[in-house]
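Heads up, the sequence shown is in my numbering, so the first residue is 11 and it goes up one at a time. By construction, the Cβ of each residue, glycine as well, lies at the ideal position given by its N, Cα and C atoms. Data first, discussion second: the structure below is written as structure tokens.
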Amino acid sequence: MPSNSMVVLTGAGISAESGIKTFRDQNGLWEDHKIEDVASPSGFRRSPDLVHAFYNARRAQLQSSKVTPNAAHKALAELESRWKGEFLLVTQNVDNLHERAGSKNLLHMHGELLKVRCTKSDQVFSWTADIKKDTKCSCCNEPGTLRPHIVWFDEIPFALTRIYVALQKCDIFVAVGTSGNVYPAAGFVNFIPAWASTVEINLDESLISHSFREHIFGPASKMVPKFVEKIIKGACPWHS
Ligand code: NAD
11 MPSNSMVVLT GAGISAESGI KTFRDQNGLW EDHKIEDVAS PSGFRRSPDL VHAFYNARRA
71 QLQSSKVTPN AAHKALAELE SRWKGEFLLV TQNVDNLHER AGSKNLLHMH GELLKVRCTK
131 SDQVFSWTAD IKKDTKCSCC NEPGTLRPHI VWFDEIPFAL TRIYVALQKC DIFVAVGTSG
191 NVYPAAGFVN FIPAWASTVE INLDESLISH SFREHIFGPA SKMVPKFVEK IIKGACPWHS
């Protein structure tokens, strides 16, 4: 196994075959809602009930027995466990399928469905139940201070400093199941050193395909395990 530094970026496409819908698959709607209504601070101010109901449904779906990590999540966890160099997995996903598959060095740049944040104290809690507008917060015991621990449009993603440090020194950058619509993640490929290998795995061409040297088109649950197997066998596909 090589001992280079690898960064893998994943998007909603890697979880699609686990039964979680992506953002862009249905004319810009997310689970039948306009994205600005359920994923923006102004949408939350306008209608906290609607936003809580939306994330309550996403949280319940994620905890149902039907939603489990697929072969792509598992293959990335296996790759990390065997990789000799530095390995960082950055996900835009708010589900917990990477950690359930066994990934360890993982950053959720857009937050996590199973966490909430107190808007008064900024404390973050694990949370598996429904939230209503008047649900009391565990830290200040006040109603109405909780919000999903999700990065909405117009908000700054988490862990950007750590991510850019890793990108600027990585030898291999792989993006899986991301459309290239959402920045700054869509621009990460432009921060990779000139010598580095860049691989995109997606169903088909994305908005940022032109920035990658290698492309693997097809469903993540098939293509990611194949890609990982080649790396483990020492036949690095980006050099073939
Ligand atoms: P996106 O929905 O914009 O794009 C999904 C991409 O995945 C598309 O390019 C599509 O071609 C590809 N894709 C779909 N099915 C695939 C499959 N089986 N195999 C490989 N590729 C497949 O997703 P994005 O780029 O991640 O950006 C959208 C935002 O949506 C993110 O910020 C994320 O937080 C949020 N989101 C997250 C989840 C989740 O946590 N699972 C679900 C929906 C949306």
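In the displayed model, arginine 157 falls within a strand according to three-state DSSP. Using a cutoff of 7 Å, the CB of proline 153 does not count as near the ligand NAD, since none of the ligand's heavy atoms is closer than that.
Arginine 127 and alanine 139 have their C-alpha atoms some 14 Å from each other. When C-beta atoms of the segment 116–127 are compared with those of the segment 63–70, three or more pairs fall below 8 Å, so the two segments count as touching.
Taken through DSSP and simplified to helix, strand or coil, leucine 107 comes out as helix. For glycine 244, the three-state secondary structure derived from DSSP is coil. Looking at the DSSP output, cysteine 150 bridges to nothing. In this structure, the alpha-carbon of alanine 204 lies about 31 Å from that of threonine 32. Taking the CA atoms as reference points, glycine 228 sits about 19 Å from asparagine 191. In terms of side-chain proximity, the C-beta atom of alanine 81 is found no nearer than 7 Å to any non-hydrogen atom of the ligand NAD. Taking C-beta atoms as the reference points, phenylalanine 198 and leucine 19 count as a pair closer than 8 Å.
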